[in-house]
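The listed protein sequences derive, respectively, from chains L and A.
If you want this note's numbering, it's the 1-based position in the first sequence plus 14.
If you want this note's numbering, it's the 1-based position in the second sequence plus 4.
The structure appears right after this line, and notes come after that.
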Amino acid sequence: DAKTTQPNSMESNEEEPVHLPCNHSTISGTDYIHWYRQLPSQGPEYVIHGLTSNVNNRMASLAIAEDRKSSTLILHRATLRDAAVYYCILSPTQGAQKLVFGQGTRLTINP
Amino acid sequence: KAGVTQTPRYLIKTRGQQVTLSCSPISGHRSVSWYQQTPGQGLQFLFEYFSETQRNKGNFPGRFSGRQFSNSRSEMNVSTLELGDSALYLCASRTGSTNEKLFFGSGTQLSVL
Chain L
15 DAKTTQPNSM ESNEEEPVHL PCNHSTISGT DYIHWYRQLP SQGPEYVIHG
65 LTSNVNNRMA SLAIAEDRKS STLILHRATL RDAAVYYCIL SPTQGAQKLV
115 FGQGTRLTIN P
Chain A
5 KAGVTQTPRY LIKTRGQQVT LSCSPISGHR SVSWYQQTPG QGLQFLFEYF
55 SETQRNKGNF PGRFSGRQFS NSRSEMNVST LELGDSALYL CASRTGSTNE
105 KLFFGSGTQL SVL
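Take a look at the structure:
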């Protein structure tokens with residue numbers, strides 16, 4: 015499975031944008047990029063996923079580099095509830111049935 | 005719609021015992037996956053069931069097994085418990101189509117003494 019690299023931790027302030035980076039230099043052409051987050055005492059929660067083009071949903075935006083070797087999860091206006099561990103995961107075309115989670119980025123939001 | 009339900013929420017067992025964890029997926033979801041989460045190893049995939057058949061398996065010993073029933077509910081069993089099996093066990097469900105999102109439960113926290 016292709017591997018992702020994320021910073022161990024990041025810190026931001028409430029109501030400011032947050033850019034969470036992810037490097038995946040060995041990504042294959044058919045790998046989707048998934049982001050999940052895990053709030054304290056909860057199971058992971060889906061955030062967003064994409065293949066080549068940038069993606070937006072109500073939670074976040076996903077910006078994918080042209081060579082697909084890196085991507086950035088963007089939280090446009092962070093709230094205290096966004097404090098969580100964020101996981102960037104690669105998944106082959108055939109589905110999200112065997113996600114390989116890395117250590118993720120622990121995001122702290124300061125009030 | 006109710007989310008993924010896992011029972012029990014907490015469990016304490018002793019070495020050598022066996023344990024069964026239960027997972028009820030979201031209504032209409034046919035795929036159930038199990039993950040183990042520990043502070044040292046993070047989240048690791050155990051196995052996935054789809055329509056009562058195991059479709060994928062992670063790198064865990066045979067002491068870890070599972071099954072899925074015709075109503076898509078799933079159980080996971082761990083036999084001959086070891087101290088290292090102490091972990092949060094998470095269940096996730098999805099409808100079963102390709103490359104869609106997983107919905108996770110809150111997990112069962114297993115402590116082996």
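All C-beta atoms in this analysis are idealised placements derived from N, C-alpha and C, irrespective of residue type, glycine included.
Within chain A, the C-beta atoms nearer than 8 Å to that of residue 60 of chain L come from 105, 106, 107, in chain order.
When rounded, the separation of the alpha-carbon atoms in residue 79 of chain L and residue 65 of chain L is 11 Å.
Using a Cβ distance threshold of 8 Å, residue 107 of chain A and residue 98 of chain A count as a contacting pair. For residue 74 of chain A, the closest C-alpha among the options A:56, A:32, A:100, A:64 is that of A:56. Against chain L, a Cβ distance below 9 Å from residue 79 of chain A picks out nothing, because the smallest value is about 17 Å.
Between residue 99 of chain L and residue 52 of chain L a beta carbon distance of about 5 Å is seen, short of the 8 Å cut, so the two are scored as contacting.
Around the beta-carbon of residue 17 of chain L, fewer than 16 other beta-carbon atoms lie within 10 Å, marking it exposed.
Exclusion of the five residues before and after residue 35 of chain L leaves 86 as the residues of its chain whose Cβ lies within less than 6 Å of its Cβ. Secondary structure of residue 117 of chain A (DSSP, three-state): coil. Residue 16 of chain A counts as exposed, since fewer than 16 other beta carbons sit within 10 angstroms of its beta carbon.
Taken atom to atom, the span from the alpha-carbon of residue 48 of chain L to that of residue 115 of chain L is near 10 Å. Rounded to whole angstroms, the separation of the alpha carbons of residue 77 of chain L and residue 83 of chain L is 11 Å. Interface with chain L (8 Å Cβ-Cβ cutoff): residue 56 of chain A is excluded. From the listed residues L:106, L:123, L:120, L:32, the smallest Cα separation to residue 43 of chain L is found for L:106.
Neighbours of residue 117 of chain A in chain L, taken as residues at a C-beta separation under 8 Å, are lacking, since the least C-beta distance is about 22 Å.
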